[in-house]
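In the working numbering, the protein residues as written are 232 to 399. Ideal Cβ positions, reconstructed from N, Cα and C, are used throughout, including at glycine.
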Amino acid sequence: MGPYGITGATGTLRATVTIRDGGPGYDGWAVDQGVIGNASPLEDQNQDGYMNLYHYAMGVPLTSSIDTDFPDLVPRVDGAFFDGRASLFFSIPEDPVDDINFEVEESFDMETWTVVATKEGADDWTFSFPTLVIPETPKDGRQGVLVAASKTYSQQKLAYYRLKVRLK
Ligand SMILES: [Ca+2]
């Protein structure tokens, strides 16, 4: 007996492949995510505490809990001081979608918030000294970003930071 072979066999293999292509931008992504009905970017479809838009900006499926499944995507104040200043650390996609702006805001009283760093889509971060933005080398499709406070700890003992994502 030689090698097995199929001779004289004819047939047709049929396969159905469903490719969801909801189109560009958030709306298309929401369709791809299976969002039916209210696809508002401000909704929290899976009730994990993060708006749909945050999932979109971070490249996280709407079915995933960010706190549970992607804890690295939760911004946190870095305990290590940078040049005498506290810093906010977070992670974003290495190649973020181009219709999202990332904004880091700083406040000393939780009432007045000032944008201290901005990233528009794939563009580089923009910021004004003394605030510093230090992007890490991308790894596994994500990039860590450290944003150092505008004031040193001796200048300002209490400050608040938040990361916002915004549709362009
Ligand atoms: Ca959510």
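Cα-Cα separation between residue 400 and residue 335, rounded to whole angstroms
Limits of the chain in this structure are 232 at one end and 399 at the other, which puts residue 400 out of reach.
Whole-Å CB distance - residue 375 paired with residue 322, under 8 Å assumed:
On the sequence shown, position 144 is the one that residue 375 refers to. On the sequence shown, position 91 is the one that residue 322 refers to. The pair is a contact, with the Cβ atoms about 5 Å apart (cut-off 8 Å).
State the DSSP-derived secondary structure class of residue 232, mapped to helix, strand or coil.
Numbered from its first residue, the sequence shown carries residue 232 at position 1. Since pLDDT at residue 232 reaches only 46, below the 50 mark, its modelled position is unreliable, and the value read off the structure follows with that caveat. Coil, per DSSP.
For the region 303-322 and the region 375-395, state whether three or more C-beta atom pairs, one from each stretch, are separated by less than 8 Å.
yes
Note down the Cα distance separating residue 291 from residue 344, rounded to an integer number of angstroms.
Position 60 of the sequence shown, counting from 1, holds the residue named residue 291. Position 113 of the sequence shown, counting from 1, holds the residue named residue 344. The alpha-carbon atoms of residue 291 and residue 344 are separated by roughly 27 Å.
Which same chain residues, not among the five before or five after residue 387, have their C-beta less than 7 Å away from its C-beta?
As a working note, residue 387 is residue 156 in the sequence shown. Hits under 7 Å: 339.
Residues near residue 308 in its chain [Cβ-Cβ closer than 8 Å; skip 5 each side]:
As a first step, residue 308 is located in the sequence shown; it is residue number 77 there, counting from the start. Cβ within range, chain order: 317, 318, 319, 320 and 392.
With a CB to CB cut of under 6 Å and the five nearest residues on each side skipped, what residues in its chain are close to residue 284?
Residue mapping note: residue 284 aligns to position 53 of the sequence shown, counting from 1. So the list reads 272 and 396, once near-sequence residues are dropped.
Please classify residue 349: does DSSP put it in a helix, a strand, or coil?
Working through the sequence shown from its first residue, we reach residue 349 at position 118. In this structure, residue 349 counts as strand in the three-state DSSP scheme.
Which first and last residues belong to the alpha helix (DSSP H) in which residue 262 is found?
For this step, residue 262 is matched to residue 31 along the sequence shown. Its alpha helix (DSSP H) spans residues 256-263.
Counting along the chain, where does the alpha helix (DSSP H) carrying residue 284 start and finish?
As a first step, residue 284 must be located in the sequence shown, where it is residue number 53. Segment 283-289, the alpha helix (DSSP H) holding residue 284.
Check whether residue 266 and residue 278 have beta carbons under 8 Å apart
Position 35 of the sequence shown holds residue 266. Position 47 of the sequence shown holds residue 278. No, these two residues do not count as a Cβ contact at 8 Å.
Please confirm whether any heavy atom of ligand 1 lies closer than 7 Å to the CB of residue 264.
The residue you call residue 264 lines up with position 33 of the sequence shown. No, ligand 1 has no heavy atom inside 7 Å of this Cβ.
Kindly indicate which residue of 349, 341, 314 and 337 has the alpha-carbon position closest to the one of residue 331.
Counting from one through the sequence shown, the residue named residue 331 turns up at place 100. For residue 331, the nearest C-alpha among the options comes from 349.
In angstroms, rounded to a whole number, what distance separates the CA positions of residue 288 and residue 365?
Residue numbering aside, residue 288 sits at position 57 when the sequence shown is read from its first letter. Residue numbering aside, residue 365 sits at position 134 when the sequence shown is read from its first letter. When rounded, the distance between both Cα atoms is 20 Å.
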